[in-house]
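The structure appears below as structure tokens.
There are 2 protein chains.
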Amino acid sequence: MLPTDLIKGSLKTIILKLLEENGRMYGYEITRKVEELTAGKIKLTYGALYPVLHKLESEGVLITEPENFNNRIRIYYLLTPHGHSVVTEKLKELSEFIESLQLIVESKPGLNHA
Amino acid sequence: MLPTDLIKGSLKTIILKLLEENGRMYGYEITRKVEELTAGKIKLTYGALYPVLHKLESEGVLITEPENFNNRIRIYYLLTPHGHSVVTEKLKELSEFIESLQLIVESKPGLNHA
DNA sequence: TATAATATATAAGTTGTTTATATATTGCAA
DNA sequence: TTGCAATATATAAACAACTTATATATTATA
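Just so you know, the protein sequences line up as chains G and X, in that order.
Under my numbering, the first sequence has 47 at position 47, and the numbering climbs by one with no breaks.
Count along the second sequence from 1, then add 1000; that gives the number in my numbering.
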């Protein structure tokens, strides 16, 4: 498993992307999906996940749809129209970030330390 | 410029990678180099940079070589043997992280919301 | 009957950042 | 010659965000 500090800044974007891709999801499902997609390398903790979801809701990025499934409460989250544009923006940022990281990781030494 | 929260978790690895690639660097030089490599998309703040450098020094990952250049003090940082193995490890983690992010970003919808 | 999996939630503690501030020299432009 | 930008390091206070621990409750499995 990857160290959690790496994931920190991308947590919100990951959640938003999954919501856009899957229509609507509940919290527990999001953690399962992330583990599945990354072969267990990324695991979200609930202490991080729920506060982020609640914040996104308060910002009008997503809305909730509580449902009952087998006497268990499932709170589905889905993007608002505003949320969709936020996802687009965040995904663009994430792509640029990944590109920038690769530029650094693949950089060759300068000529300044011959 | 990219939002700083994205960069957070990768800061240490970025610094270590640049030190390995360039032999030795001083703090100001590191910030210049990161801006140069990423076309201004990533900018390190000194309030983040120096504490990280000092911590890496206290952990035995790097050592310092203060030098005088034009009456200005430059504190060069260079990796210890231990530091080199840390870089290798951190870069591997970062690569896995990037791969994981791409798996999520490129993921297609599940069949569960027909 | 006990444990694992499912499902959400929050508070306390920790960590790590931003922002503001301090200090000092060199080079350039007005 | 005065002031500003660039160079160069450093730290404290404030803030943000995460981890860890804890709480609650149902269903499925051993």
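Note that the Cβ used here is the ideal one computed from N, Cα and C, for glycine as well.
Expected contact under 8 angstroms - CB spacing of residue i and residue j to nearest Å
| i | j | result |
| --- | --- | --- |
| residue 1019/X | residue 1079/X | 5 angstroms |
| residue 9/G | residue 1009/X | 6 angstroms |
| residue 101/G | residue 1098/X | 6 angstroms |
| residue 1034/X | residue 104/G | 7 angstroms |
| residue 13/G | residue 90/G | 4 angstroms |
| residue 73/G | residue 81/G | Incorrect: roughly 26 angstroms between the Cβ atoms, too far for contact. |
Closer than 7 angstroms to chain G by CB, residue i
| i | result |
| --- | --- |
| residue 1083/X | no |
| residue 1022/X | yes |
| residue 1041/X | yes |
| residue 1058/X | no |
| residue 1103/X | yes |
| residue 1075/X | no |
| residue 1030/X | no |
Cβ-Cβ distance between residue i and residue j below 7 angstroms
| i | j | result |
| --- | --- | --- |
| residue 64/G | residue 44/G | no |
| residue 124/G | residue 1093/X | The question about residue 124/G has no answer here: the residues shown for chain G are numbered 1 through 114. |
| residue 61/G | residue 83/G | yes |
| residue 53/G | residue 76/G | no |
| residue 1011/X | residue 1042/X | no |
Beta carbon proximity, residue i to chain X, threshold 7 angstroms
| i | result |
| --- | --- |
| residue 55/G | no |
| residue 114/G | The pLDDT assigned to residue 114/G is 32, lower than 50, so where the model puts this residue is not dependable; a value taken from the coordinates is nonetheless given after this. Residue 114/G does not count as touching chain X. |
| residue 62/G | no |
| residue 69/G | no |
Contacts of residue i in chain X (Cβ-Cβ under 9 angstroms)
| i | result |
| --- | --- |
| residue 9/G | 1003, 1004, 1005, 1006, 1007, 1008, 1009, 1010 |
Neighbouring residues, chain G, relative to residue i (Cβ below 7 angstroms)
| i | result |
| --- | --- |
| residue 1107/X | 21, 37 |
| residue 1093/X | 2, 3, 6 |
| residue 1096/X | 2, 41 |
Chain-ordered neighbours of residue i on chain G, where CB pairs are closer than 8 angstroms
| i | result |
| --- | --- |
| residue 1017/X | 104, 105, 107 |
| residue 1034/X | 104 |
Residue i: contacting residues in chain X (beta-carbon distance under 8 angstroms)
| i | result |
| --- | --- |
| residue 86/G | Simply none; closest approach about 13 angstroms. |
Contained alpha helix (DSSP H) runs [length at least 4] in the stretch 1003-1029 of chain X, N- to C-terminal order
As far as the stretch 1003-1029 of chain X is concerned, its whole alpha helix (DSSP H) runs of at least 4 residues are 1004-1007, 1011-1022.
Whole alpha helix (DSSP H) runs in the stretch 45-105 of chain G with 4 or more residues, listed along the chain?
Complete alpha helix (DSSP H) runs here, min 4: 46-58, 81-105.
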